[in-house]
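For reference, the structure is listed below as structure tokens.
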Ligand SMILES: Cc1cc2nc3c(=O)[nH]c(=O)nc-3n(C[C@H](O)[C@H](O)[C@H](O)COP(=O)(O)OP(=O)(O)OC[C@H]3O[C@@H](n4cnc5c(N)ncnc54)[C@H](O)[C@@H]3O)c2cc1C
């Protein structure tokens, strides 16, 4: 058994801490912000509630199996996609309905969607046995040859979309899954195409009261499990000799000893200043940053007829959009806009007769001070563009708040405001991102910037992997294998 310090109370840090405490380890968790949850956060104004991070929950069993009891609402329509030519695709949860919807959008492509979905299911099954199940390069089961082929190594996500679909609109729908990892579909691996098998297989969910209720539930479980949680407490340094960690130094100067340190802060923060390591930091920089986000949070007067919980209004030229984000490193001139309105399913999220709109645009992980336009003019561009595409909010806005990459950087210590640390770019990208074991005995990484990646389910899987590594190194019983 070990004395463990967890640096950061994001979801990955909380899941690791909980599993470790239940496995018999002594656990302390330090979070620099006043509340736990990290990017799983919300903003409230004038009776409106807005998610500042996740809006769609997948694989809720990963939280349920921990005892995080939150009221789940399953969505029949996962998302409504609006294409530049004015057509739309309703992504129904049921694979059968989805196939029919694809067929009515583009006659002949329903069967292509069925084949694509079959591929996604195989890819997901292979990932569950290997990539999601254990630390990088060391899955609990030896990968089968079939698993390697199932994830289509060497293909990009866009290459996968082209393999299955003739219709460019359906390719754009597949390509969008690259943004779930903050990446470009023209460089991200095809394996990201397994996400529809998660969404249509296990379902897509909302949590009544907002997704941050998951963080509240985990926080209660931590207290029950005896984890010593200190919020408003920043870790300034991880202490170590050449071979092993020995604890941390808090920003207050207090030294705390530990056998193991689990870092839920960004990998770049670990190697940049918590335990400086220039070589590893350079390697991270070489991988390139994932994208960031501009959020417009709008209190909207009145109700919008037929508005679903989640919509995506696509740009006309997706390649150009990702070139803007990753090559030119500017906010896209013609952005794809995600619109989330939880008030559609939950009246607690907005005052009576009003709506809480979260509009999200993928932008480069870069300070908005270096954008070629002011953030206000870019906000106006996004709202004008939406108006032209049938989502006109003029005359209905009570207020619009902005949340930029600088906020992501300053609030959570995310490198450049990147949502998922380094990007999944290039064939072997998933294997080149930081693993869960750090370069000293007793040092571990968990969270969106480390293996297996970002998003609520993946950071929860990371928490489980790290807890089992600590057991392996120090003894302990966190390791019980649960389904992935
Ligand atoms: C706009 C947006 C939309 C998203 N949408 C979705 C979605 O729909 N579905 C989904 O599943 N996921 C979504 N995600 C991704 C998801 O929110 C993240 O991947 C996940 O919450 C990250 O968890 P984490 O464990 O990496 O911790 P983080 O959330 O990164 O938290 C890390 C914590 O460490 C703390 N910390 C950092 N340094 C220190 C230090 N030195 N000392 C003490 N504490 C420190 C930070 O304050 C922070 O609280 C979205 C994210 C964003 C930003």
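In my numbering, the protein residues as written are 265 to 748.
Built from N, CA and C at the ideal position, the CB exists for glycine as well.
It should be emphasised that the depicted structure is a prediction, and the values quoted were computed from it without experimental measurement.
- Secondary structure of residue 668 (DSSP, three-state): coil.
- For residue 600 against residue 462, the beta-carbon gap comes to about 21 Å, at or over 8 Å, which does not count as contact.
- Straight-line measurement puts the Cα of residue 386 at about 36 Å from the Cα of residue 534.
- In this structure, DSSP gives residue 605 a state outside helix and strand, which the three-state scheme calls coil.
- DSSP places residue 362 in the helix class (H, G or I) of the three-state scheme.
- Not one heavy atom of ligand 1 is found less than 7 Å from the C-beta of residue 630.
- Here the C-alpha atom of residue 707 lies approximately 42 Å from the C-alpha atom of residue 359.
- Within the DSSP bridge table, the entry for residue 290 names 267 as partners.
- Sorting 697, 319, 481 by C-alpha distance to the C-alpha of residue 329 places 481 at the top.
- Under the three-state reduction of DSSP, residue 467 is assigned to coil, being neither helix nor strand.
- In the DSSP assignment, residue 301 is bridged to 274.
- In this structure, 563 is the residue among 563, 283, 579 with its C-alpha nearest to the C-alpha of residue 312.
- According to the DSSP assignment, residue 725 belongs to the alpha helix (DSSP H) that extends over 720-738.
- Within 7 Å of the C-beta of residue 520 there is not a single heavy atom belonging to ligand 1.
- Residue 572 is positioned such that its CB atom lies no closer than 8 Å to that of residue 594.
- Taking 7 Å as the cut-off, one finds at least one heavy atom of ligand 1 near enough to the beta carbon of residue 498.
- Remark: fewer than three beta-carbon pairs, one from each stretch, lie closer than 8 Å, so the stretch 720-736 and the stretch 334-353 are not flagged as touching.
- Contact between residue 281 and residue 270 holds, with the beta-carbon distance rounding to 5 Å and staying under 8 Å.
- Of the residues assessed, residue 612 falls on the exposed side of the cut-off, its CB having fewer than 16 other CB atoms within 10 angstroms.
- Excluding sequence positions up to five before and after residue 367, its CB lies within less than 6 Å of the CB of 374, all in the same chain and listed in chain order.
- Each of 614, 438, 426, 518 was checked against the Cα of residue 561, and the nearest Cα belongs to 614.
- Residue 621 and residue 605 have their C-alpha atoms spaced approximately 5 Å apart.
- Of the residues 317, 440, 292, 284, the one whose Cα lies closest to the Cα of residue 558 is 317.
- Here the stretch 487-499 makes no contact with the stretch 684-695; the two share fewer than three CB pairs at distances below 8 Å.
- By the CB criterion at 8 Å, residue 300 and residue 479 fall inside the cutoff.
- In this model, residue 495 and residue 298 are separated by some 5 Å (Cα to Cα).
- With respect to the 8 Å criterion, residue 442 and residue 734 are not classified as neighbours on the basis of their beta carbons.
- In the DSSP assignment, residue 700 forms no beta bridge with any residue.
- Rounded to whole angstroms, the separation of the alpha carbons of residue 679 and residue 699 is 17 Å.
- Going by DSSP, residue 548 is part of no beta strand (DSSP E) but of the alpha helix (DSSP H) stretching over 542-551.
- By the beta-carbon neighbour count (other beta carbons within 10 angstroms, threshold 16), residue 530 is buried.
- Judged by DSSP in its simplified three-state form, residue 307 adopts strand.
- In the structure shown, residue 655 adopts coil according to DSSP, grouped into three states.
- Relative to ligand 1, even the nearest heavy atom lies 7 Å or more away from the CB of residue 554.
- A Cβ-Cβ separation of about 5 Å places residue 365 in contact with residue 354 under the 8 Å criterion.
- The three-state reading of DSSP puts residue 496 in coil, since its state is none of H, G, I, E or B.
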